[in-house]
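Scroll down for the structure; my scribbles are underneath it.
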Amino acid sequence: MLFVDYSSAFNTIIPSLLTTKLEDLGLHTSLCDWISNFLTHRPQSVRVGNCASSTLTLSTGAPQGCVLSPLLYSLYTYDCTATSSSTIIVKCADDTVVMGLILDNDERAYLEEIKHLENWCQENNLLLNISKTKELIVDCSKKQERHYQPVRISRTMVERVDSFRYLGVHISQDLSWSLHTNSLAKKARQRLYHLRCLRDFRLPSNVLRNFYTCTIESILMGNITVWFGNSTKQDRQALQRVVCSAERITHTELPDL
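Those letters in the sequence shown? Residues 1 to 257, per full-length UniProt numbering, in order.
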């Protein structure tokens, strides 16, 4: 798996190219023109205190913080698709993963897919951040350890890692979830300190319970459908101990994980 990172992805959208793609997708010309008008000739300045910079006019990219920007980016990259039956490209806004199934030590399709992505980025004005792009290999073979070719982008070798945090979930090369659950338990235990402080202020139990739900349970339950079913008994018990600690602090019964 290659976890791809882009440099300022939203800021590199070319409105004219986006308009062409939207028309290819069947959007009405008037809507395409409206979006193009929205993205071009945008005045922008920076204010710090009473000081303001001179105004610049921008005609590239999508405004940061705009609810429309992630959708426009997804439409802009809709044609970035896999070219082989043994590879897939997973996209969530600007978070992209190239996944390849390697059989009989044949890495050609996987490496060619990465090269295809590199070429696509050049054609669509997207800049790959190679220093933050990482490769993770999941080897399910029970045979001796295999040696895989290093991935290079623009002649620069991509770092190979044992685990990677993708969309808030730690993925390990052995596909175990201990690293992820340990991270969740540590973060949740840190929030227990704040829960104790609120208890010492003699806040009512319903307020403490609401605080637990918002700041601790939300951590423990994050993306739970992805990892909980395949986690070990020990990992689940470690997370449940956090819940038990919260029950003692709030003096209320809390739902199990």
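Glycine residues also receive a C-beta, built at the ideal position from the N, C-alpha and C atoms.
Once DSSP output is grouped into helix, strand and coil, what is the label at residue i?
i	result
residue 55	coil
residue 241	helix
residue 146	coil
residue 152	strand
residue 15	helix
residue 35	helix
residue 104	coil
residue 159	strand
residue 40	coil
residue 215	helix
residue 136	strand
Give the range of the alpha helix (DSSP H) segment to which residue i is assigned.
i	result
residue 200	178 to 200
residue 207	205 to 212
List the endpoints of the continuous beta strand (DSSP E) containing residue i.
i	result
residue 132	Unbroken run through residue 132: none, as it is neither H nor E.
residue 92	87 to 92
residue 228	No beta strand (DSSP E) contains residue 228, which DSSP labels as neither H nor E.
residue 3	2 to 4
residue 122	Segment 108 to 123 is the alpha helix (DSSP H) holding residue 122; no beta strand (DSSP E) there.
residue 73	Careful: residue 73 lies outside any beta strand (DSSP E), inside the alpha helix (DSSP H) at 69 to 76.
residue 170	169 to 172
residue 163	163 to 166
residue 266	Any answer about residue 266 is impossible in this case: the structure gives the chain only from 1 up to 257.
Measuring alpha carbon to alpha carbon, tell me which residue in the options is nearest residue i.
i	options	result
residue 199	176, 29, 246	246
residue 216	193, 231, 32, 232	193
residue 166	179, 157, 156	179
residue 140	223, 105, 75, 203	105
residue 8	60, 203, 221	60
How about residue i and residue j: are their beta carbons less than 7 Å apart?
i	j	result
residue 42	residue 58	yes
residue 120	residue 66	no
residue 226	residue 169	yes
residue 13	residue 62	yes
residue 136	residue 161	yes
residue 185	residue 254	no
residue 151	residue 188	no
residue 87	residue 110	yes
residue 250	residue 209	yes
residue 159	residue 134	yes
residue 102	residue 2	no
residue 70	residue 39	no
residue 153	residue 128	yes
residue 107	residue 173	no
residue 181	residue 218	no
residue 36	residue 20	no
residue 258	residue 205	As shown, the chain starts at 1 and ends at 257. That puts residue 258 outside it, with no answer to give.
residue 6	residue 94	yes
residue 56	residue 64	no
When burial is assigned at 16 or more other CB atoms within 10 Å of the CB, is residue i buried or exposed?
i	result
residue 96	buried
residue 98	buried
residue 100	buried
residue 25	exposed
residue 4	buried
residue 68	exposed
Does any CB atom of chain D fall closer than 7 Å to the CB of residue i?
i	result
residue 234	Considering every chain present, this structure includes no chain D. It has just one protein chain.
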